[in-house]
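For reference, the structure discussed in these notes is given below.
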Amino acid sequence: MRSLNHYSFLVESRGELLWALIQVDIYRYPIRPKGEYLKYVVSFRLHVLEEETSTREKKTRWVKKDGRSLADRVLFLGTPNSFAIDASRLRDQEGGCAYFVIYNFNTLKPEKVEVWRCNLVSNKAEFVEQLPRRWDNERCTWHVPQPPSIAPIQRLVVGISLGSGADRRFIDYMRRASFCSREAYRMLSPPHPPDASACVAWSLRLPSKLKIFAYLDGIDRLSTRANLFHKSCAPSETCAVCDAVETSRHLFLECTTASHVWARLGVLVPSEQFSIWELPVPLGVATATWHFGVAAIMWSIWKTRNDLVFNGITTSPVFAIRRACDDIALWRWRIPHLGRADVDSLRSYMLMRCD
Ligand SMILES: [Zn+2]
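The sequence shown begins at 1 in UniProt numbering and counts up one residue at a time.
As structure tokens, then:
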């Protein structure tokens with residue numbers, strides 16, 4: 001079985017109006033039991049508009065043109081414009097060829113636009129590349145790189161002279177030391193950490209899972225319902241307790257249990273956007289120790305939320321604080337001896353607020 005597609009383009013070159021006609025023959029060969037093999041045969045014909053001199057009236061006609069007369073040119077055929085340029089303008093490009101785009105609607109692939117090239121001398125067409133999917137519904141526009149755009153690079157290259165010695169890395173000049181990956185990383189890193197809250201999470205003397213948990217919350221990557229819903233992993237983004245969207249802020253600061261926890265601890269949650277590490281420090285509690293406590297409280301609130309979602313168990317705010325205190329009692333041994341007194345006073349403060 002055979003089907004046909006025709007493409008027609010007009011292009012002006014050196015005072016001549018050229019008409020390029022492309023014909024795509026598609027041959028379908030059935031493959032048992034249900035398959036099909038498609039064979040493409042692309043043919044290219046070129047005509048030039050000429051005036052008839054034999055008649056008195058000024059008439060024009062299309063005359064078939066020999067592709068060899070275009071051996072020094074490259075044609076770009078497309079919509080809305082086609083053009084021809086001298087092959088010498090394109091580096092490593094042989095003349096006598098035409099580029100064009102065809103729509104392959106017979107493929108099951110989402111990408112249906114293909115670029116083909118036809119040799120105007122031998123009249124043989126060949127497939128060049130598949131265009132990305134987003135080009136399917138858009139007409140293609142040819143882009144010819146202009147020499148001025150690379151002029152600044154050429155100016156830079158002119159100022160460089162190569163010697164016969166061995167190459168030296170820039171890093172070696174700076175520090176007069178042999179190259180190592182640690183130095184390279186240090187040089188490429190910004191002078192100040194871009195995310196200060198991430199540094200807080202990693203600097204705490206907590207179990208690794210807590211550090212990762214706190215860091216993920218800092219960059220809003222915890223599996224809250226809002227994030228899961230955004231990734232199509234949850235049917236709803238609504239909180240399991242109330243009707244609000246379960247964002248990280250809602251879960252750890254605003255939902256019923258969380259808001260009661262912070263209120264009991266005497267912490268006023270700011271209304272504006274802030275990092276969890278910027279929560280006001282209760283009176284008499286050291287800042288570094290408070291970060292330790294905040295991580296423990298968040299972990300307890302997260303467990304409270306998971307108990308309700310996965311086990312249907314409701315936990316009171318007091319229980320959440322006591323659980324955080326139990327964790328702090330366990331993790332205090334990670335703190336250097338001198339800092340443990342601060343942790344103990346934080347724990348006492350929290351337990352006092354449970355009464
Ligand atoms: Zn809620």
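Using N, Cα and C, we set each Cβ at its ideal position, and we do this for glycine too.
Inclusion of valine 269 and leucine 279 in the CB contact set at 9 Å is warranted, their separation being smaller than that value. Non-local C-beta neighbours of cysteine 97 in its own chain, meaning closer than 8 Å and more than five positions away in sequence, comprise Val74, Leu75, Arg117, Cys118, Asn119, Leu120, ordered along the chain. In the pairwise beta carbon analysis, the region 311–331 is classified as not touching the region 224–238: fewer than three pairs are separated by under 8 Å.
By the Cβ rule, the region 295–314 counts as touching the region 251–259, because three or more pairs are nearer than 8 Å.
Secondary structure at phenylalanine 252: helix, using DSSP grouped into helix, strand and coil. A Cβ-Cβ contact shorter than 9 Å links leucine 46 with lysine 64. Here methionine 187 is exposed. Its C-beta has fewer than 16 other C-beta atoms within 10 Å.
Where proline 30 is concerned, the enclosing beta strand (DSSP E) starts and stops at 16–31.
In this structure threonine 247 is buried. Its beta-carbon is surrounded by 16 or more other beta-carbon atoms within 10 angstroms. The Cβ atoms of glutamate 114 and isoleucine 102 lie closer than 9 Å to each other. Assignment of alpha helix (DSSP H) within the region 249–291, counting only whole runs of 4 or more residues, yields 256–264 in chain order.
No heavy atom of ligand 1 is found nearer than 8 Å to the CB of leucine 268.
Not one heavy atom of ligand 1 lies closer than 8 Å to the C-beta of histidine 260. Across the set Thr224, Glu237, Leu351, Cys239, the C-alpha of Leu351 shows the shortest separation from the C-alpha of isoleucine 328.
In the DSSP assignment, isoleucine 313 falls outside any alpha helix (DSSP H), carrying neither H nor E. Proximity of the beta carbon of histidine 250 to ligand 1 is indicated: a heavy atom of the ligand is located closer than 8 Å. About 6 Å separates the beta carbons of tryptophan 62 and leucine 49, which is inside the 8 Å limit, making them a contact pair. A residue is called buried once 16 or more other Cβ atoms fall within 10 Å of its Cβ, and serine 82 is buried on that count. Taking 8 Å as the cut-off, one finds at least one heavy atom of ligand 1 near enough to the beta carbon of glutamate 246. For tryptophan 277, the closest C-alpha among the options Leu204, Leu90, Ala263 is that of Leu204.
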